[in-house]
Every structure is written in structure tokens, then in C-alpha cells.
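Each remark here refers to the structure printed beneath this line.
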Amino acid sequence: MLLPITLTLAAACALLNMWLGIRCTRIRMAGQIMHGDGGSAVLARRMRAHANFIEYVPVTLILFGLVELAVGASMWLWGAALVLVLARIGHGFGMDAEKPTVWRAGGALLTWAVMVGMAITALTIAYGASREVPAPPAMAMIR
55 MLLPITLTLA AACALLNMWL GIRCTRIRMA GQIMHGDGGS AVLARRMRAH ANFIEYVPVT
115 LILFGLVELA VGASMWLWGA ALVLVLARIG HGFGMDAEKP TVWRAGGALL TWAVMVGMAI
175 TALTIAYGAS REVPAPPAMA MIR
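Each step along the sequence shown adds one to the number in my numbering, with nothing skipped, and position 7 is 61.
If you want it as C-alpha cells, here you go:
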């Protein structure tokens with residue numbers, strides 16, 4: 055069974071995770087910092103951006119996969135995936151600033167909106183009007 059949206063989103067998130075990690079590594083190498091943030095405010099902020107990504111993205115990815123499995127691919131799901139990726143990029147850049155920025159706040163708020171939206175969608179699917187348990191779109195094709 056193929057989940058094109060979730061697979062694409064997971065690949066994009068894997069690359070974003072690497073990008074966030076490389077941003078930390080470059081500062082570590084330049085400052086010869088082996089552990090922690092070594093007192094570097096920039097490294098501390100970048101580490102926090104990376105950690106924040108790891109805190110929110112996995113659960114959201116799981117929700118995407120389960121929703122896509124239940125209802126199939128759709129344009130709104132593609133749109134939500136794009137919003138999540140752009141939000142995480144914006145948040146990563148926004149965390150570089152010493153003061154709050156629209157990129158940081160916007161990235162966080164959009165991430166939360168997508169996560170909550172996907173959770174509500176999952177609950178709606180699970181406890182929708184029909185108590186019938188339909189076959190997932192991918193399974194319905196197998197007879």
C-alpha cells in the first residue's frame with residue numbers, strides 16, 4: 055500500500071532534520087564544542103530548534119500516515135503537509151534571532167495548527183457518524 059503524501063512528507067522532514075543538525079554541527083566544529091552548547095548562544099538556539107523539530111514532527115507524521123491510510127490521498131492533505139514543512143523551515147530560521155520573530159512564532163503556530171488539525175481529523179475519522187469500519191482505500195482494492 056502506497057502513502058504518497060506521508061512518504062513525501064517523511065522524506066522532506068528527514069532532510070529538514072539533517073539541515074537542522076548540520077546547522078548545529080557547523081557551529082560545534084568552528085568553536086570546537088564537543089558537548090552541550092559550550093556557552094554559545096547561537097548554538098543553544100539552534101540546538102533548541104532541532105529539539106523542537108524532534109518534539110513535534112514525529113507525532114504529526116504518524117497522524118498524517120494514519121489519516122492518509124484511512125481516507126486516501128487528497129489535496130487538503132497535500133496542503134497540510136506543505137504548511138508543516140514551510141512552518142518548520144520558518145521556525146528553524148526564526149530561532150537564530152535573539153528576540154522573538156514572526157518566523158519563529160509563525161512556524162510554531164502553524165505547526166501546532168497542523169498537529170491539532172490532524173488530531174481532530176483522526177478523531178473524526180475514528181468516531182465519525184458511521185460505526186461501520188470501512189476497509190482503508192488501499193485495502194479496498196484487494197479482493
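Cβ atoms here follow ideal geometry from the backbone N, Cα and C, with glycine treated the same way. These numbers come from a predicted model, not from an experiment.
Between I87 and L74, the C-beta spacing is not below 8 Å. If you draw a straight line from the Cα of H89 to the Cα of M83, it is about 11 Å long.
Taking every protein chain shown into account, the CB of I59 has 16 or more other CB atoms within 10 angstroms, so this residue is buried. V111 and C67 have their C-alpha atoms roughly 8 Å apart.
When C-alpha distances from G171 are compared across M101, N71, L115 and M55, the shortest belongs to L115. Taking the Cα positions, F107 is about 25 Å away from S128. If only complete runs of 4 or more residues are kept, the segment 80-141 shows the alpha helix (DSSP H) at 95-125, in order along the chain. If you check the CB distance, E122 and L70 do not come in under 8 Å. For G182, the secondary structure class from DSSP, reduced to helix, strand or coil, is coil. Within the same chain, Cβ atoms closer than 6 Å to the Cβ of G148 are found at T155, W157, R158 and G161, the five residues on either side in sequence being excluded.
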